[in-house]
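Protein chains in written order, with the numbering used here: chain A, 38 to 344; chain B, 2 to 265. Reading through the structure tokens given below for one structure.
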Amino acid sequence: MSDYIIETHDLTKKYGNQNSVSHLNIHVKKGRIYGLLGRNGAGKTTTMRMLLGLTAPTSGEVEIFGKPIHGNEKEILPRIGCLIESPGFYPNLTGTENLKIFADLRGLKSPQYIKNALEVVNLPYRDKKLFSQYSLGMKQRLAIALAIIHNPELLILDEPINGLDPIGIAEVRDFIRELCDATGKTILISSHILSEISLLADDVGIIDHGNLLEEESLKALESKNAKYIHFCVSDAQKAAQIIAATFQSKNIQLMDGNNLYLYDTALPVARINRTFIEAGIDVWEAHLCEDTLEDYFKRITGGEGIA
Amino acid sequence: MVSIIKTEFSKMKRYSVIWIGVATMFTVVLLARFMATASDGATHTLMNFSSSVIWNNLVLIYPATIALIAGYIIDRERTDDTLKNILTIPVSFRKMLIGKLIAVGCMAAALSVIEFLFTLIVFFASGFPGFSIGGMIQVLFQMIGINMISYIAVMPVIAFTAQRSGSFMAGVGFAFFYGFVGMMASGHGLRDLYPITAGLTVIGYQDGSSDPTGNILLSVASILFILAVTFIIVFTAKNREVTTAKKKKKNSGKTVQKRNHSAR
């Protein structure tokens with residue numbers, strides 16, 4: 038049996054001639070948080086809809102808990118909690134009434150399920166406020182409550198922090214981390230907010246224009262980030278020649294007339310500084326730099342960064 | 002299935018569309034009252050008055066009203082974006098549709114009782130003669146019977162249009178036309194064959210404007226045929242998504258049309 042809770046094989050979705058998701062192979066390990074990172078329109082939601090059988094793939098296959106989702110929905114879906122796109126509830130009912138409907142459909146008889154789920158997301162039980170009167174943050178919380186009401190083994194959360202205030206974001210982040218660490222649940226979370234993924238995920242998949250560009254653990258991705266020494270000097274050209282001649286390093290990038298990056302971070306910065314000054318080059322700045330996950334994202338997507 | 006039907010009733014709480022049903026029932030009784038005023042010299046007993054209510058409701062109001070209520074309730078699962086929550090439980094679209102058709106069927110019966118109560122109120126308020134307990138019970142059963150059969154007659158339209166987002170209004174339009182044609186069908190000896198009016202024979206409806214005898218076997222066969230068609234539509238039903246590409250094509254088509262229009 039596969040080690041992965043979710044595994045896709047060349048998953049593809051086409052709308053007409055347009056590829057929304059193209060030959061996607063993602064691997065979500067048990068008991069870990071997998072962050073699917075990509076810009077708006079990258080194919081994250083389409084992927085999640087295909088995982089849940091809400092959208093039929095054009096080709097390829099989805100395996101969840103080691104079985105193809107197609108044909109095994111009745112066995113697999115009750116083990117999953119999900120939040121896809123915007124929260125969908127009946128506007129004429131209260132939060133509790135909404136959850137009761139879905140609890141009844143899941144065969145959860147005890148009101149304790151609803152109480153517990155609402156407690157986790159800090160929403161009141163049997164409140165009289167209708168869903169249509171909820172703020173965006175409250176709606177999102179209710180959607181999270183619905184996802185966890187039946188204590189699922191796997192959570193698929195599409196942009197779960199949308200609409201939450203900073204405190205709400207931190208709460209949801211802690212809650213998701215707690216779910217994974219304390220109860221061993223597997224969580225697939227999508228976001229276009231890079232900082233959230235870097236704070237939360239154990240493994241990261243970067244998706245762009247429907248293609249999975251990278252799939253690594255967060256640690257591995259961080260280790261791939263470039264480190265360099267940034268020198269800001271009066272003559273960068275001359276400084277580069279000195280480094281090449283004196284320190285035998287060609288791992289240099291000239292940025293402009295005053296800035297250069299030295300990628301041999303093991304070289305002695307103090308000695309290089311002294312050599313520059315002795316050669317009549319003024320040194321205005323010298324510091325160790327490291328690419329952020331966003332820099333890495335920019336580099337591999339070949340475009341602009343995201344939030 | 003029981004829990005699906007039960008939740009359908011829970012979803013109807015504070016649904017404004019139900020009041021539309023109540024309002025149309027009141028309207029049809031008022032319409033019958035105005036028609037009674039217009040027919041000078043005729044005596045309006047409970048049976049005569051209720052016959053007028055039943056007829057007007059059947060050919061003018063009820064098929065479109067029940068198609069509107071059912072279509073609206075089904076389409077709300079898409080507009081409120083709750084369908085994804087139901088499908089991922091998983092409850093199939095087919096099961097959900099069956100649950101909704103049964104719940105609307107119960108509502109159809111409830112609306113019949115409301116229609117009956119409005120009929121009684123207006124009957125007494127108008128001071129019409131000829132009231133009897135037996136007649137009242139007969140009217141109640143006739144109203145429930147004809148409205149339920151009328152609901153069965155429009156069920157294929159509801160089940161068919163339920164499968165695509167936003168298409169229920171076309172179903173409502175068709176249901177109105179379908180009901181209205183019943184007037185012509187009944188006048189041309191097709192009362193038992195035409196699904197909307199087939200129920201008139203079953204409930205023993207008697208009115209000068211239509212065939213008082215009728216063939217009950219033919220009427221029942223017509224209703225059973227419609228039930229069979231509904232069965233086929235429901236058991237092949239699925240949520241037919243409008244794809245993003247189609248939406249885009251549709252939108253771009255509209256844009257081109259707009260551009261052409263403005264160019265002219």
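Cβ coordinates follow ideal geometry from the N, Cα and C atoms, glycine included.
Of the listed residues the options, nearest to residue i (C-alpha basis)
i	options	result
residue 19(B)	75(B), 197(B), 94(B), 108(B)	108(B)
residue 155(A)	141(A), 142(A), 177(A)	177(A)
residue 347(A)	67(A), 58(A), 72(A)	With chain A covering only 38 through 344, there is no way to say anything about residue 347(A).
residue 169(B)	24(B), 148(B), 6(B), 72(B)	72(B)
residue 249(A)	63(A), 40(A), 222(A)	63(A)
residue 227(A)	196(A), 215(A), 206(A)	196(A)
residue 146(B)	6(B), 44(B), 200(B)	200(B)
residue 237(A)	209(A), 245(A), 246(A), 243(A)	209(A)
residue 118(B)	133(B), 231(B), 144(B), 180(B)	144(B)
residue 160(A)	181(A), 169(A), 145(A)	181(A)
residue 70(A)	306(A), 266(A), 314(A), 217(A)	217(A)
residue 111(B)	23(B), 230(B), 164(B), 228(B)	23(B)
residue 207(A)	266(A), 244(A), 338(A), 158(A)	158(A)
residue 90(B)	124(A), 123(A), 183(A)	183(A)
residue 165(A)	309(A), 271(A), 130(A)	130(A)
Beta carbon of residue i nearer than 9 Å to that of residue j
i	j	result
residue 92(B)	residue 142(A)	yes
residue 203(B)	residue 120(B)	no
residue 200(A)	residue 179(A)	no
residue 258(A)	residue 325(A)	no
residue 65(B)	residue 161(B)	no
residue 72(A)	residue 215(A)	no
residue 31(B)	residue 123(B)	yes
residue 21(B)	residue 69(B)	yes
residue 167(A)	residue 15(B)	yes
residue 336(A)	residue 229(A)	no
residue 10(A)	residue 275(A)	Residue 10(A) lies beyond the residue range present for chain A, which begins at 38 and ends at 344; the question has no answer from this structure.
residue 195(B)	residue 205(B)	no
residue 45(A)	residue 97(A)	yes
residue 74(A)	residue 198(A)	no
residue 114(B)	residue 67(B)	no
residue 133(B)	residue 180(B)	no
Nonlocal neighbours in the same chain, by C-beta distance under 8 Å from residue i, ignoring five residues either side
i	result
residue 273(A)	291, 292, 293, 294, 295, 296, 297
residue 5(B)	92, 96, 97, 99, 100
residue 89(A)	106, 114, 117, 119, 121, 193
residue 171(B)	162
Same chain, Cβ closer than 7 Å to residue i, neighbours up to 5 away in sequence not counted
i	result
residue 149(A)	none
residue 234(B)	157, 160, 161
residue 152(A)	162
residue 188(A)	none
residue 304(A)	284, 286
residue 140(A)	150, 151, 186
residue 314(A)	320
Residues near residue i in its chain [Cβ-Cβ closer than 6 Å; skip 5 each side]
i	result
residue 239(B)	94
residue 83(A)	50, 57, 58
residue 322(A)	269
residue 37(B)	45
residue 53(A)	none
Alpha-carbon to alpha-carbon, residue j and residue i
i	j	result
residue 186(B)	residue 57(B)	15 Å
residue 211(B)	residue 188(B)	At residue 211(B) the pLDDT is 49, less than 50, meaning the model places this residue with poor confidence; the figure from the coordinates comes in the next sentence. If I take the Cα positions, the gap works out to 6 Å.
residue 85(B)	residue 94(A)	16 Å
residue 40(A)	residue 252(A)	16 Å
residue 301(A)	residue 256(A)	21 Å
residue 131(B)	residue 216(B)	29 Å
residue 192(B)	residue 220(B)	8 Å
residue 88(B)	residue 91(A)	7 Å
residue 138(B)	residue 50(B)	14 Å
residue 10(B)	residue 74(B)	11 Å
residue 13(B)	residue 142(B)	25 Å
residue 218(B)	residue 224(B)	10 Å
residue 153(B)	residue 7(B)	21 Å
residue 280(A)	residue 333(A)	27 Å
residue 257(B)	residue 246(A)	Confidence at residue 257(B) is low in this model, with a pLDDT of 41, below 50, so the placement of that residue should be treated as unreliable; the coordinate-derived value is given next. Whole-angstrom Cα-Cα distance: 27 Å.
residue 148(B)	residue 100(A)	49 Å
residue 222(A)	residue 102(A)	13 Å
residue 61(A)	residue 85(A)	12 Å
residue 27(B)	residue 33(B)	10 Å
residue 338(A)	residue 81(A)	15 Å
* Asked: Which parts of the stretch 139-224 of chain A are runs of the beta strand (DSSP E), unbroken and 3 residues or longer, counting only runs that do not cross its ends?
  -> 191-195
* For the stretch 87-158 of chain B, list the beta strand (DSSP E) runs that are entirely contained and at least 3 residues long, ordered along the chain. => none
* Asked: In chain order, which alpha helix (DSSP H) runs of at least 4 residues are fully inside the stretch 272-334 of chain A?
  -> 273-283, 306-315
* To do: Enumerate, from N- to C-terminal direction, the unbroken alpha helix (DSSP H) stretches of 4 or more residues contained entirely within the stretch 34-90 of chain B.
  => 47-57, 63-80, 84-88
* Asked: What beta strand (DSSP E) runs, 3 residues minimum, are completely inside the stretch 94-139 of chain A?
  -> 96-101, 117-120
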